Each structure stands twice: as structure tokens, then as C-alpha cells.
Amino acid sequence: MKVSNLKDGVIVRGLAQACGVTLQELYAKVIIQTQWHQNLILASTEEEECALKLAQVTHIQIGQTAYEVTPYLKPIPGTVRGVVHGIEEGTTDEQLEDLLAMNNCKILYARMLGRSTSAVITFEGPHVRFYVKVGCTLSRWRPYRKSVQYCRSCGEIGHRQDVCPNPNDDICDNCGEQNADPNNHKCELKCKLCGMPHETASRECRRKLKPAPPPLRVRERSRSRQRSFGYQNNVVTMNDNDHAVSLPPRDETNQERLSRPKSRSRSRGRERSVPSTTPTDVEPDNVQCKLSWANVVTGHSHSSMESTSTPTTKHYTYEETITILRRENEELRQALEPQKKKTQEKEASTEKQLEYLMREIEQLRREQTQNSQTPPSRPPSPPPSSPPQPKPATLANQTKVTQNDLRVLEDRINANMTVVMDDIMSKVSQVVETTVTQLLQTGFQTLKSEMENQIRALETKMTQSGESFSQRIHTLEERENARKKPKYPVREAAEILQTLSKKDGEAN
């Protein structure tokens, strides 16, 4: 089965059918990835039951064809593998587990490497220990190094023979020549990994094993630096107004400095676990980039060696300052929330009053139109004995007075609302500006003082390291001069004089 010729949906449906689960369950629990170069299918899941079902799959139905597959479990994160040599050949897995049972670490799996006397042990832990107890003896425990995969079916490097996507029977197993005639073929051994005259990926090949991973300290240091350099946004918003703090741009060469070359042997891998302080660890290009970064805050330049470790500290101080400013911004917003609610309640009540007044005005207008259409009835004549009474006001006069009052009331409400809103906005803007400016000033002052202190400390460290380096170079020069001097100068001078006297005697 050639994985590169199949689509992901076809592979997922085949796996779901082989595991006996629905597509919805597989979508929710499993992540499928394909590696075309190695012709592998990777399935990741967090549930043990689903992992066991995937580990039991032996065939995948793709269309009308059933492909045979070989599943195996990959070590989970948090586990490491080590190699122990000197174990008796032919030891079974159960016997090996009994020999390793007295160690104070949780061993997950142990197996022998073929027919050799070495065993691979998988256990929980961050790194491989130096020694392991095998029975009653202490044996050296070395990190497990993977071998380069070489396929003898197609002669390609990068995948195994059992998962070869392009098997070819017309290829020589020794030299890798294609379309080789078995009768008239002259085999010239040449390794595809190192170019030496031996079989590819044999025991004699120096490049059969992949480089060992860096030590735990180096990995943790590189991860912390990657996290510190992993900021993508260079501008952090402070509040709803256009107040922002601009951070200096991050150079891409800082990431290149973090990619350390892997060790080529085990001894060199152990030596790299100790952090080096030599000035040759920093490349000139990276030094120039770090120098430009330091100039952004300090305002003046320093030596290239002083600015090598400033960006990491600078990121941490910026992060703390941004966190403080965001917290202050949240407190200001929480303090302004009650005033905002009160203003909204006042606006809602004012709108309700205006709606009520508008309904009253409409009702009065309708009554006025009805009264204007009907003729007014003649009032009855008052009795003579009663005193004269004032003439009552008409309905039209009443409506005119009410409409004028409503207009005046509406104007007053609008004027009061504008005054209140202007006052609130001015107070809010003053509070925000004062607090933000104070925070920014204090933050930048503290940053500047911390950077100056760190730069002074770096200067002292660099002077001390420079003195130690110069002293070391002086001692090395003295040793080299002493080595070049003759060991026996008096004897050599006597021999030279003797040879000269012999030559003079022969000449005479």
C-alpha cells in the first residue's frame, strides 16, 4: 500500500471499518497523520481503549482491496529509552524484566536487540540515568540512538523494507545497483550513507546510527528560550482609547541561534550538557542583531558580548509590565461600570417619559380635531340670583399650553442629558490618562534601571572571563614554546661539535 496515492478520507474510513467504530467516534477521539517519505500512518489518541483497538488492526479495506498493515505502539511523551550492554544472549523479555525489577524506576518495556547482548529499556523519566542494576551488577546505561532506515527492496533511505511503497526485485542487495544481471554482475560494495566500501547501513558504517539528542539541560534551556522568543504581536493595546505600547521588532536570527547542532557521539553529547561561557558560542551576525535590540531601550550601544543575553530578560520584563497594565485597565473598567449602568438607566427612564408624553400629545390632538368638527353647544343661561362667574377656558387653549410645556420640558431634558454625558466622559478620560501615564512612566523607569544593572553585571562578568581567557592563552603559549624547545640541548650541542671535528679531520 502506497500511502501517498491515497486520500486521508479513504484511510480514515478504512481504519473506522477495521476498528469497528463509527466515523463520528473516530473523528472525536483519533487524529490521523500520514508520512509519505516513510510510508507510515500515525494515529494519536488519548483513550487507552481506542489505542488498543488500533493496535489490533491487521488489515485495512480500501475499495475492493484489503491491505495488510503492522501496527505498533510509539513511546508516549515523558518516557525515554536506554541501552544496556553485556546481557546474556538469548534472554527472554520476562527474564529481562526480572533482572531489572530491583531498580527504583518504573520500567514500562524491555526487549533484547535481536541476537546481540544488548537490551533496550523504556521507562518513565526525563533523561537516561548513568547506571542501572541488572541482577546484582551495575551496568552503564546509555541513551538509545535510532538507526538510519534503509530499504533493501528499492534501495532508498528513509523507510523500512516491510513498508516499502515501491518494491523492486531487480536491485542488488549489496551495492544497490538496479536492473542487475545475477549472472554477469560485478558487485562493488559502496555504502550510500558514508561512501565507504561496505554494505549500506551495515555494522561497520559510522553513520548508521542517528545523532544522539542533546542532553536534558540543553533541551530545557532551548525550550525556555523558544517560549521567551515566541511572541508574535509587537503592539499591546492598553485601553479602549488609542493608547498602546510599541515593542521593538524581534529579529529572526535569534531563532537560528537557538538551533544548536546535535552531537555526533556520546562523549561529545555529555560535554554539551555543561553550559559554555566561551565567546565563540555567539556568531557575529547574531551579535549584531542583539546589539540593535539593546539600543532600543538603553539608547546607547555596548560591546557585542554584553548584549547576548539581554533579549530574554527584556521579554520577561515587558511581559510583566503588560500584565500589570492590563490588570489596571480591568480595575478602571470595573470602577466605571456602575456609572455606565446609572447612565443607561437614566436614558431608559427618559425615553419612557418621552414616549408617554408623545402619547398624551397625540391623544390631545385627536380630541382637539373631534371638538373642532362638532359645533359647540349653547350653555344654559345662569339664574338671575346667582353671581356672575368667569368664562371657562376652552379646550384649544388648554392644549396649546400643554404642548408648549412639553416642548420646554423636552428641551430641558436634552440639555441636562448632554451636560451629564459630557461631564462623565471628561472625568473618565482624565482618570484613564493620568493612571496610564503614571503606569507607563514608572514601568519604563524600572525597566531602564533593571537593564542598566544587568549591563553592569555583564560587564563585570565579561572582564573576568576575558582575564581568565587571556591567562589560559598565555599558559597554552608557554606550553607550546616549551614543547618546541629541544629536550637535551647540551647533548645535541656536543654531538654537533663532535661531527664538525670529524669532518675537519677527514678534510685534513
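Per full-length UniProt numbering, the sequence shown starts with residue 1, numbered consecutively. Glycine is no exception: its CB is placed at the ideal position from the N, C-alpha and C atoms. Keep in mind it's a predicted model, so treat the numbers as computed, not measured.
Per DSSP, Gly86 lies in no alpha helix (DSSP H) and is assigned neither H nor E.
Between Tyr144 and Arg81, the CB-CB gap stays under 8 Å. CA-CA distance, Glu450 to Glu124, rounds to 41 Å. Secondary structure at Pro143: strand, using DSSP grouped into helix, strand and coil.
For the stretch 38-123, the full-length alpha helix (DSSP H) segments reaching 4 residues or more read 48-55 and 93-99 along the chain. Taking the C-beta atoms as reference points, Ile87 is found nearer than 8 Å to Val134. Ile60 places its beta carbon 8 Å or farther from that of Ser44. Between Leu113 and Ile107, the beta carbon gap of about 16 Å keeps them out of contact (Cβ cut-off 8 Å). Distance from the CA atom of Val84 to the CA atom of Pro71, rounded to whole angstroms, is 26 Å. Between Thr79 and Thr137, the C-beta spacing is not below 8 Å. In this structure, Arg13 sits near Leu23, with a CB-CB distance shorter than 8 Å. In the three-state scheme derived from DSSP, where H, G and I count as helix and E and B as strand, Thr34 is classed as strand. Under the DSSP definition of a beta bridge, Ile171 partners with Gln178. With fewer than 16 other CB atoms across the displayed protein chains lying within 10 angstroms of its CB, Gly466 is exposed. Under the 10 Å beta carbon count, Glu199 is surrounded by 16 or more other beta carbons and is classified as buried.
Using a 10 angstroms sphere on the CB of Lys341, the tally of other CB atoms stays under 16, which defines it as exposed. When the Cα atoms are used, Phe444 and Asn453 turn out to be separated by approximately 14 Å. Taking C-alpha positions only, Val431 is separated from Glu355 by approximately 36 Å. For Lys133, the uninterrupted beta strand (DSSP E) segment begins and ends at Tyr131 to Val134. The continuous alpha helix (DSSP H) containing Arg13 extends over residues Asp8 to Cys19. Gln24: member of the alpha helix (DSSP H) spanning Leu23 to Lys29, first to last residue. Nearest to Ile424 by C-alpha distance, out of Glu337, Thr437 and Met358, is Glu337.
With 16 or more other Cβ atoms inside 10 Å of its own Cβ, Val132 counts as buried. For the pair Thr34 and Ile11, the CB atoms are nearer than the 8 Å cut-off. The beta carbons of Leu447 and Thr343 sit no closer together than 8 Å. The alpha-carbon of Cys19 is positioned some 56 Å away from that of Leu332. Thr200 sits in coil when the DSSP states are folded into three classes, being neither helix nor strand. A straight line joining the alpha-carbon of Thr475 with that of Ala482 spans about 10 Å. Around the beta carbon of Lys53, a 10 Å sphere encloses 16 or more other beta carbons of the protein chains shown; the residue is thus reported as buried. A straight line joining the alpha-carbon of Glu156 with that of Leu40 spans about 15 Å. Non-local beta-carbon contacts of Leu357 in its own chain, meaning distances under 8 Å to residues more than five positions away in sequence, involve Leu406, Leu409 and Glu410 in chain order. Selection Val420, Thr91, Glu319 and Thr65 evaluated against Lys346 yields Val420 as nearest (Cα-Cα). Under the DSSP definition of a beta bridge, Leu209 partners with Ser147. If you draw a straight line from the Cα of Arg115 to the Cα of Thr92, it is about 11 Å long.
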